[in-house]
Structure formats: structure tokens, C-alpha cells
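Numbering (my numbering), first residue to last: 122 to 266.
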């Protein structure tokens, strides 16, 4: 009986550790994608920004307007960069939570704006995993400053 109890305890511990490692790896992947997206925004690289979006991506902007669809949002970013060549944004994750089924993630943090209508605020993002790739399903920005 003691051996069975020890075996069950060790199995549970290994399962817990594997889940933690998997979560840590997923979080690293999302943070790396966010960092790459920030760099793409700084470089006004539309393709670099959009590569993290699903085709049906939804974005609620800091001014309470919303856009739906990758192509629509790409066109809006192009227009923004053309009309305001100094604009830039940086999103800094504060917390990323991976779902128990390893297919969704929630990111929340703060964003800063440069040469924009706002100086920044808070944001949240819903990430969805397809295969081994995380992409953004939706983002919500709230301009607070």
C-alpha cells in the first residue's frame, strides 16, 4: 500500500511539473510573439504585425472603436502609418494565463503610445493556439492617459 501511495504521489508530481514546464514554454512563446510584434510596430512593418493575427481577428482600440477582420485592420494600420509616420506603440505583458486545455491564453498588461491621440493605458489579448503556433484572436485596448 505504501508503494502504491508513493507511486501515485510521484506520478502526480511529474504530471504537475510537466504541466508547469508546458505553461512556461507557452508563456515564453507568447512573450516572444509580443516582443516581435512591438518591434514590427516600431518599424512600421505591417506584415510583421499582422502575422500574429487570425483572419477573423477583432481589435477594440483605445478610443472605443472596433475593427473586425485581418484585412480591414491591416488597411487601418497602413493608413495610420502613412498619416502619422512617427506613431508607435509598445505593449508590455503583466500576466499571461494558459487555459487548462492548452488552446487559449489570456494576456493582460499596459500599453504606451508615442505621437498618438493617447499616451497609453491597459490592454488584454486572447491568444489561440493552432498546432504549435500562438496567434491573437482578439485584443482590447483602453486609453487611460
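Just so it is clear, CB atoms sit at the ideal spot from N, CA and C, and this is done for glycine as well.
Fair warning: this is a prediction, and the values are worked out from it, not measured in the lab.
- Nearest in C-alpha terms to residue 148, of all of 161, 172, 253, 195, is 253.
- For residue 175 against residue 191, the beta-carbon gap comes to about 7 Å, under 8 Å, which counts as contact.
- Spatial neighbours of residue 195 in its own chain (CB-CB distance under 7 Å, excluding positions within 5 residues in sequence) are listed in chain order as 167, 171.
- Here residue 193 carries a helix assignment [DSSP, helix/strand/coil].
- Excluding the 5 residues flanking it on each side, residue 208 has same chain C-beta neighbours closer than 8 Å at 201, 202, 234, 235, 236, 237, in chain order.
- One thing to note: residue 232 has its Cβ no nearer than 8 Å to the Cβ of residue 151.
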